[in-house]
Amino acid sequence: MELRFKLNYLFQGQNSPFLHAVDAGYFGDHGLSCTFVEGFSSSLVTRALVGGEADIGFGDVSSVFERALRTGETEISCLVPIYEHTPCSLGYISDGKRLTLADVPGCTLCGPNGDTSARLLPLLLKRNGLAPDSYTYLGVQPEERDRLVASRSVLAATCFDATLKFAMQMRGYDTSALEFLYFADNGLDTYSGALVALNSVLEKEPGLAGKLQAITRQSWHDCLANPQLGVDAVIRRSPDMDPDIVRNQLTWILERQVFPNGARSMEFDLGGTKMADTLECATFSVGAEAKRSADGLATEICRN
107 MELRFKLNYL FQGQNSPFLH AVDAGYFGDH GLSCTFVEGF SSSLVTRALV GGEADIGFGD
167 VSSVFERALR TGETEISCLV PIYEHTPCSL GYISDGKRLT LADVPGCTLC GPNGDTSARL
227 LPLLLKRNGL APDSYTYLGV QPEERDRLVA SRSVLAATCF DATLKFAMQM RGYDTSALEF
287 LYFADNGLDT YSGALVALNS VLEKEPGLAG KLQAITRQSW HDCLANPQLG VDAVIRRSPD
347 MDPDIVRNQL TWILERQVFP NGARSMEFDL GGTKMADTLE CATFSVGAEA KRSADGLATE
407 ICRN
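Just so you know, we're using my numbering here: the sequence shown kicks off at 107 and counts up by one.
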């Protein structure tokens, strides 16, 4: 069975364990083949799947929930949560003083269109007693985002920390003063990046969901034990990449977001606070446009 896999970004350290899974033959061991499609945002993976561009992907859980609420249908399943600690954040060049949410009202932020952190920021502000629409937001291309952050032309960029940090490094910017305000440290810890798949694809082959879950968990734990596996997988596809930057990005997310407390089962806690927050983000974004209740949505979409 041939699968088209939509990545959350370009070939980089942050998605390299999936590339390693192909190189290690894990898909082939299950009678599967996989072709990668590079991306620019985990939130946009949902659109790629329902638009017919891909079958599976490294997508965003709240975006999948939003789609289900807006349409009233559950077209996509979330199979494996990748991040234990969400990388959603505001990235900024520090002047020696740490950024707080109270600094946001009246200021200008930026980020790529479709950015996951940008979608979640209004709820984060509301939870902290601040107006959810109290700032100006510039939707820009990643290159312009990096320039605006480096020049301090904006207060901060909405981002996944590793994406911003290492994109700026690859473009030659000094990131020694780059710091992050993490949403999870300010009252909004959600499920973000996950292996997602179209239900119509999963239904074509019995047991496919379990195969994809096993492949994903094995490949990510492989790279935890030996990050060079991920580095090699990226360089095979993008030989002009700096292997040191690839490794640093991979180890950054492994240590901070994926396995902050060491190896784990990589399963959803369907009744936990993190899941409740993720559902609240989706319902807050969709609002009155929802065509169904959020009740039972997590158990319908998230599989262990």
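The beta-carbon is built from N, C-alpha and C at its ideal position, and this holds for glycine as well.
- For Y132, the secondary structure class from DSSP, reduced to helix, strand or coil, is helix.
- Here I359 is not bridged, per DSSP, to any residue.
- Under DSSP, no beta-bridge partner is assigned to V210.
- Only buried fits C140, as 16 or more other CB atoms lie within 10 angstroms of its CB.
- For R110, the beta-bridge partners assigned by DSSP are T141.
- Residue H126 holds the alpha-carbon nearest to the alpha-carbon of A339 among H126, M107, N114, E395.
- Under DSSP, I162 takes part in a beta bridge, and its partners are F111, A303.
- For the alpha helix (DSSP H) assignment, the uninterrupted runs of no fewer than 4 residues enclosed by the region 358–393 are, from N- to C-terminal side, 379–392.
- Listed in chain order, the beta strand (DSSP E) runs fully inside the region 209–250 are 214–217, 242–245, counting runs of at least 3 residues.
- T264 sits buried, since 16 or more C-beta atoms from the chains shown fall within 10 Å of its C-beta.
- Secondary structure at T264: strand, using DSSP grouped into helix, strand and coil.
- Counting only the Cα atoms, T379 lies some 18 Å from S371.
- Cβ atoms of A224 and G217 come within 8 Å of each other, at about 5 Å.
- With a threshold of 16 other beta carbon atoms within 10 Å, P193 meets it and is buried.
- Here DSSP, grouped into helix, strand and coil, assigns I341 to helix.
- Between A174 and L330, the C-beta gap is not smaller than 8 Å, which leaves the two residues out of contact.
- With a beta-carbon spacing of about 6 Å, K271 and L284 fall inside the 8 Å limit used to define contacts.
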